Each structure stands twice: as C-alpha cells, then as structure tokens.
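K.L.:
Would you mind keeping the following structure in view while I ask a few things?
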Amino acid sequence: MNKYCEAWAEKLGIEIAEYMGAGDNGIAFKTSDDKVMKITGDVGEFLHAHNLKGKSLKHFAEIYDTRIFLDGTMGILMEKLEICEELKEQFKTLCSIAKSKNMGIEEVDIDEDEYFDSVYDLQQNIAELFTEDHQNRLFSSDLHHDNIGLKEDGTIAVFDMRYDEHILIKLDIETELNKIKHEQYHSLHQDRSYVIER
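full-length UniProt numbering applies: residue 1 is where the sequence shown begins, and numbers increase by one.
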C-alpha cells in the first residue's frame, strides 16, 4: 500500500479499497467511496488536474482534490470512470480512419455502416471535448484509447490528461508548484496529518 495514499485517505475519512494499476508516471487506487486516488510523477498531469479541480465539465473526469506532500510527491483524487473495451475499440477505429485520411489513403478497410453506427457518437463526443477544452483553456494532450471512459450517465469523458508540451514550456513550473503549496499550507492551517516522513 502507498503511504501517501493511506495518510491522505485517513485525513479524508475514507479507505483505500483496492489497487487499480500503475503506469509510466504513477500508481492508482480505488477508494471506499468509489473514487480514484493517484500518485503521479508527471508535473504536466498534476498541474492540469489542479486547474480542473472544482470544475464540473461534461467530458473530463471530475477532480475532487490535489495534494503535494512534503517531499514533492503529487497526488490527485478524481472521479472514477467506467472503462469500456468496446469504447476503446471504437476510438482505435476512429484514429485509424483519421490517420488513413491524413495519409491520403481513400480505401479504408472498415464497414461504413458499422462505422457510422458505432463511431459517430464517439466522434461527436470527442469534438465536444476539444471545444470544452478550448473554452476552459486547459490545453490538454495525451488523448488515447487508454484514458477514455464513461461517466455514470453514459457520457464519454477523459482522465489522466496533461498539459500540451508548448504550454509546459511557457510555464514557470517551480513557481506554479510553490503557489499550490502555499494555497495548500493555508487551507490546511498547518494540519500535521499530512506530514509524512520520508
């Protein structure tokens, strides 16, 4: 079990229910109130999540809390989306069609009726997602089949997004993280329950 997640969950009055998995930049757990608690080493992902916090957007997993621990480890508490294998396959199909068209390949080995039935709604949702992203100045990147899922109402949404590289280059990351630490310090009123020794 991860010591940061355990301490954070205890502070929130919840428990770590189960291990969900690990990726290139982090590790994720399901909590007893059916949320996802993640420890990430990706500052672009963390800053993106922090700026989503408190916003209820249609096509993004809701971010309930973010945390920077004393040694700089970063945590995200987010909405748990349903992972749907059929949706993943539809997304791969959509990407395959787009890639073929971009390469000037007119013949795509996909049944058109099946495409319109299964992929059209996804295409519309992705278009709405990018509109929502632009309107909220999120500048998201890293959209792929492994980070899309369904909300409880069936809406397609994304999770584990990060800032586009051209945005990260412009940011003074150390200053951004220090601002978050400052906000966190004051909101916790020096609450020592978040202090975790290395």
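Virtual Cβ for every residue (Gly too), placed ideally from N, Cα, C. All of these numbers come straight from a predicted model, not from anything done at the bench.
When you compare the CB positions of L122 and F159, do they come within less than 8 Å of one another, or not?
P.N.:
By 1-based counting over the sequence shown, the position of residue 122 is 122. By 1-based counting over the sequence shown, the position of residue 159 is 159. The answer is no: Cβ separation not under 8 Å.
K.L.:
Would you mind stating whether I63 and L81 have Cβ atoms separated by less than 8 Å?
P.N.:
Position 63 of the sequence shown, counted from the start, is the residue given in the question as residue 63. Position 81 of the sequence shown, counted from the start, is the residue given in the question as residue 81. In this structure, L81 does not lie closer than 8 Å to I63 by Cβ.
K.L.:
With distance defined between alpha-carbon atoms, name the residue in L57, V119, W8 nearest to R137.
P.N.:
Reading the sequence shown from its first residue, position 137 is the one you call residue 137. The candidate whose alpha carbon is nearest that of R137 is L57.
K.L.:
For A49, which of helix, strand or coil comes out of DSSP?
P.N.:
In the sequence shown, residue 49 corresponds to position 49, counting from 1. Here A49 sits in helix by DSSP.
K.L.:
To which residues of the same chain is D65 closer than 6 Å at the C-beta, ignoring the five residues directly before and after it?
P.N.:
Locating residue 65 in the sequence shown gives position 65, where the first residue counts as 1. Cβ neighbours of D65 beyond the five flanking positions: L77.
K.L.:
Could you name each continuous beta strand (DSSP E) segment of 3 residues or more that falls completely within the region 13–66, going from the start of the chain to the end?
P.N.:
You should have 16–22, 26–31, 35–40.
K.L.:
What residue from R162, Y120, E18, A7 has the CA that sits closest to D133's CA?
P.N.:
Counting from one through the sequence shown, the residue named residue 133 turns up at place 133. That would be R162, whose Cα lies nearest to the Cα of D133.
K.L.:
Return the CA-CA distance between H48 and D42, expressed in angstroms with no decimal places.
P.N.:
The count along the sequence shown starts at 1 and reaches residue 48 at position 48. The count along the sequence shown starts at 1 and reaches residue 42 at position 42. Those two C-alpha atoms are separated by around 10 Å.
K.L.:
Would you decide whether C5 is buried or exposed? Buried here means 16 or more other CB atoms lie within 10 Å of its CB.
P.N.:
Counting from 1 along the sequence shown, the entry for residue 5 is found at position 5. That one is buried.
K.L.:
So, does the CB of F139 fall closer than 8 Å to a CB anywhere in chain B?
P.N.:
Among the chains of the structure shown, chain B does not appear; only one protein chain is present.
K.L.:
Between which residues of its own chain and I14 is the CB-CB distance below 7 Å, once the five residues before and five after are set aside?
P.N.:
Taking the sequence shown and counting its residues from 1, the one referred to as residue 14 is at position 14. Around I14: T31, S32, D33.
K.L.:
Can you tell me whether E197 is buried or exposed? The criterion is at least 16 other CB atoms within 10 Å of its CB, across all chains shown.
P.N.:
Here residue 197 refers to the residue found at position 197 of the sequence shown. Interpretation of E197 is limited by its pLDDT of 42, a score under 50 that renders its predicted location unreliable; no figure is taken from the coordinates.
K.L.:
For a test of the three-state rule: what should DSSP assign to I169, helix, strand or coil?
P.N.:
Position 169 of the sequence shown, counting from 1, holds the residue named residue 169. Three-state DSSP puts I169 in a helix.
K.L.:
As a quick exercise: from A61, D24, I68, pick the residue whose alpha carbon is nearest that of S187.
P.N.:
As a position in the sequence shown, residue 187 is number 187, starting the count at 1. The residue with the shortest Cα to Cα distance from S187 is I68.
K.L.:
What would DSSP say about I83, mapped onto helix, strand or coil?
P.N.:
Translated into the one-based positions of the sequence shown, residue 83 becomes position 83. I83: coil per DSSP, three-state reduction.
K.L.:
Leaving out five residues before and five after I167 in sequence, what residues of the same chain have Cβ atoms less than 7 Å from its Cβ?
P.N.:
In the sequence shown, counting from the first residue as 1, residue 167 sits at position 167. The residues are F139.
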